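The structure appears right after this line, and notes come after that.
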Amino acid sequence: MSSKTATGTTSGLVAIDAGGRIPPFEQVRSQIAAQIAAGYLVDGQRLPSVRALAEELRLAPGTVAKAYTLLEESGLVHTARGAGTRVVRPADVPADVADAIRALVGTARAAGLSADQTATALRDAWPA
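Position in the sequence shown counted from 1, then plus 21, gives you the numbering used here.
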């Protein structure tokens, strides 16, 4: 069930800020990714279909499809014909990598960067 707010639309899964600077596909992607990271969405859990979530949020299906594609590219979900889109359990992170990530977060925060800016910098530094 969705509801319309003064600035956007919400579903049980995602809230869209229609007046915000962040594109709707990125709002969908980042909110679902955050819910997976926090453990609210668990391994194997099925996400709503593209069409169903688009209707709930009053978005174009292509907008939700783009978000799902980005989630799949990052390894957070897997889509299979007939089985829908399901959450994929995140990889176990080795302790030394987790320590390096915590150090990066601390340095980025000290420099005034947001989580999204830090993630973008990390993606840019990642070799193709």
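Yeah, the Cβ is synthetic: ideal placement off N, Cα and C, and Gly gets one too. Model, not experiment: these values are computed from the prediction.
- Note: residue 101 is bridge-paired with 105 in the DSSP secondary-structure output.
- About 11 Å separates the beta carbon of residue 44 from that of residue 80, a gap too long to meet the 8 Å contact definition.
- The beta carbon of residue 98 is closer than 7 Å to those of 68, 89, 92, 106, 107, 108, 109 in its chain, skipping five residues each way along the sequence.
- In summary, residue 94 is exposed, with fewer than 16 beta-carbon neighbours lying within 10 Å of its beta-carbon over all protein chains present.
- Within 10 angstroms of the beta-carbon of residue 102 lie fewer than 16 other beta-carbons, which makes it exposed.
- Around the beta carbon of residue 72, a 10 Å sphere encloses fewer than 16 other beta carbons of the protein chains shown; the residue is thus reported as exposed.
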